[in-house]
Amino acid sequence: MDLVTQTSLEALLLKATNSKNQNIDTAAVEAFAALINKEKDGAHIGVKVIAATLPTGSEKEVLQTLNILDSCMSKCGTHFQNEVGKFRFLNEMIKLVSPKYLGSETPLSVKQKVLQLLYVWTLDYPKETKIKEAFDMLRKQGVIREIPNPNVPSYEPLTMPKKKPTGFDSSVFHDEGKSKILQKLLQSKDPEDIQAANWLIKSMVKENIPTFGVGYPPTQK
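To convert, note that position 167 of the sequence shown is 167 in the UniProt record's numbering; the numbers rise steadily by one, no gaps.
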């Protein structure tokens with residue numbers, strides 16, 4: 001059954017991240033997450049499949065894989081989060097940004113996305129302490145010189161975009177997701193978190209996204 005599950009997940013991930021896709025294949029993404037949730041070892045196998053894909057795809061394919069990974073962090077529950085929070089998987093992400101491994105070959109957009117995810121996950125999944133350890137290690141090594149902007153754009157949103165006013169620029173997070181991140185950043189006493197909050201606020205103002213009463217209204221010009 002494990003081999004069948006792995007083969008099925010590999011096929012779905014390949015379909016979802018195909019560089020020829022004009023739009024995100026939401027059906028494949030949803031099926032990928034559903035299969036992980038359905039099978040007993042789905043989280044372990046799903047993370048294993050994603051780890052094997054990260055160093056092999058094109059820039060667009062890797063970014064799409066990272067988007068799917070982030071989506072599964074919220075869709076697939078604690079078992080999936082636990083697997084991602086192990087050094088066995090985190091090392092695969094570290095390799096993409098560390099100059100000791102693939103960092104010099106990895107496209108800038110991919111490195112930004114990896115660091116962005118690690119940072120946001122430290123806020124969203126504080127129980128997964130190894131994620132913060134990995135992030136702090138990269139800071140000590142000088143790979144991270146400042147807190148990553150939590151609004152690094154990606155190729156495509158994870159889900160089919162909702163109807164938005166003309167000129168609305170979709171981005172990595174859904175509206176509600178941005179607001180949750182913003183709330184967590186503003187509750188922090190770390191000056192670098194406040195800096196990240198400022199980046200996010202500027203983005204939300206530019207995109208005309210409501211800040212949902214976070215208590216930090218930007219000055220309107």
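Note that beta-carbon positions come from the ideal geometry of N, C-alpha and C, so glycine has one too.
Item to complete: Report buried or exposed for T106, applying the criterion of at least 16 other Cβ atoms within 10 angstroms of its Cβ.
Response: Indexing the sequence shown from 1 puts residue 106 at position 106. Flag for T106 reads buried.
Item to complete: Determine the direct distance from the alpha carbon of T78 to that of D25, and round the result to whole angstroms.
Response: Taking the sequence shown and counting its residues from 1, one reaches residue 25 at position 25. Taking the sequence shown and counting its residues from 1, one reaches residue 78 at position 78. Their backbone Cα atoms lie some 25 Å apart in a straight line.
Practice prompt. Report yes if the CB atom of A28 is closer than 7 Å to the CB atom of F80, and no otherwise.
Written response: Translated into the one-based positions of the sequence shown, residue 28 becomes position 28. Translated into the one-based positions of the sequence shown, residue 80 becomes position 80. No.
Discussion item. Applying the 10 Å Cβ sphere with the 16-neighbour rule, what's the burial state of N91?
Written reply: Against the sequence shown, residue 91 aligns to sequence position 91. So N91 counts as exposed.
Discussion item. So for E83, helix, strand or coil by DSSP?
Written reply: On the sequence shown, position 83 is the one that residue 83 refers to. In this structure, E83 counts as helix in the three-state DSSP scheme.
Practice prompt. Using the Cα positions of N67 and E61, report the straight-line distance between them to the nearest angstrom.
Written response: The residue you call residue 67 lines up with position 67 of the sequence shown. The residue you call residue 61 lines up with position 61 of the sequence shown. If I take the Cα positions, the gap works out to 10 Å.
Worksheet item: From which residue to which residue does the alpha helix (DSSP H) around E39 run?
Response: The residue you call residue 39 lines up with position 39 of the sequence shown. No alpha helix (DSSP H) contains E39, which DSSP labels as neither H nor E.
Worksheet item: Is Q141 buried or exposed, if buried means 16 or more other CB atoms sit within 10 Å of its CB?
Response: Sequence index remark: in the sequence shown, residue 141 carries index 141 (1-based). Here Q141 is exposed. Its C-beta has fewer than 16 other C-beta atoms within 10 Å.
Fill in: Same chain, Cβ closer than 6 Å to T122, five either side skipped, listed in chain order
Locating residue 122 in the sequence shown gives position 122, counting from the first residue. Counting only Cβ-Cβ distances below 6 Å, and skipping sequence neighbours, we find I131, K132, F135.
Discussion item. For F87, tell me which candidate among T65, I144, L118, E39 has the shortest Cα-Cα distance.
Written reply: Start at 1 with the first residue of the sequence shown, and residue 87 comes out as number 87. Out of T65, I144, L118, E39, L118 has the C-alpha closest to the C-alpha of F87.
Discussion item. For V114, tell me which candidate among S104, T129, K95, R145 has the shortest Cα-Cα distance.
Written reply: In the sequence shown, the residue the question calls residue 114 occupies position 114. The candidate whose alpha carbon is nearest that of V114 is K95.
Discussion item. Quick check on this structure: which residue in V120, E59, C76 has the alpha carbon closest to the alpha carbon of K38?
Written reply: By 1-based counting over the sequence shown, the position of residue 38 is 38. Residue C76 is the option with its Cα nearest to K38.
Practice prompt. Check whether the Cβ atoms of L13 and V49 lie closer than 7 Å to each other.
Written response: Within the sequence shown, residue 13 is the residue found at index 13, counting from 1. Within the sequence shown, residue 49 is the residue found at index 49, counting from 1. Cβ distance < 7 Å, so L13 and V49 count as in contact.
Fill in: N-terminal and C-terminal residue of the alpha helix (DSSP H) that T7 is part of
Position 7 of the sequence shown, counted from the start, is the residue given in the question as residue 7. Following the DSSP letters along the chain, one finds T7 inside the alpha helix (DSSP H) bounded by residues 2–16.
Worksheet item: From R139 to S98, what does the alpha carbon distance come to, in whole angstroms?
Response: Mapped onto the sequence shown, residue 139 falls at position 139. Mapped onto the sequence shown, residue 98 falls at position 98. Distance between the alpha carbons of R139 and S98 is about 11 Å.
Fill in: Residue nearest to I36 in terms of C-alpha spacing, selected from I144, G85, T53, E10
For the purposes of this step, residue 36 is identified with residue 36 of the sequence shown, where counting begins at 1. If we check each option's Cα against that of I36, E10 comes out closest.
Discussion item. In whole angstroms, give me the CA-to-CA distance for A51 and N23.
Written reply: The residue labelled residue 51 in the question sits at position 51 within the sequence shown. The residue labelled residue 23 in the question sits at position 23 within the sequence shown. It is roughly 23 Å from the alpha-carbon of A51 to the alpha-carbon of N23.
Discussion item. Using CA atoms only, rank isn't needed, just tell me which of V84, A31, N21 is closest to S8.
Written reply: Counting from 1 along the sequence shown, the entry for residue 8 is found at position 8. Measuring from the Cα of S8, the nearest candidate turns out to be A31.
Worksheet item: Under the rule that 16 or more other beta-carbon atoms within 10 Å means buried, what is T65, buried or exposed?
Response: Mapped onto the sequence shown, residue 65 falls at position 65. Answer is buried; the Cβ neighbour count reaches 16.
Worksheet item: Within this structure, are the beta carbons of T5 and I45 separated by less than 7 Å?
Response: In the sequence shown, the residue the question calls residue 5 occupies position 5. In the sequence shown, the residue the question calls residue 45 occupies position 45. A contact, by the Cβ cut-off of 7 Å.
Discussion item. Short of 6 Å in beta carbon distance, which residues of its chain neighbour A33, apart from the five on each side in sequence? Order them along the chain.
Written reply: Start at 1 with the first residue of the sequence shown, and residue 33 comes out as number 33. Correct list, in chain order: C72, K75, C76.
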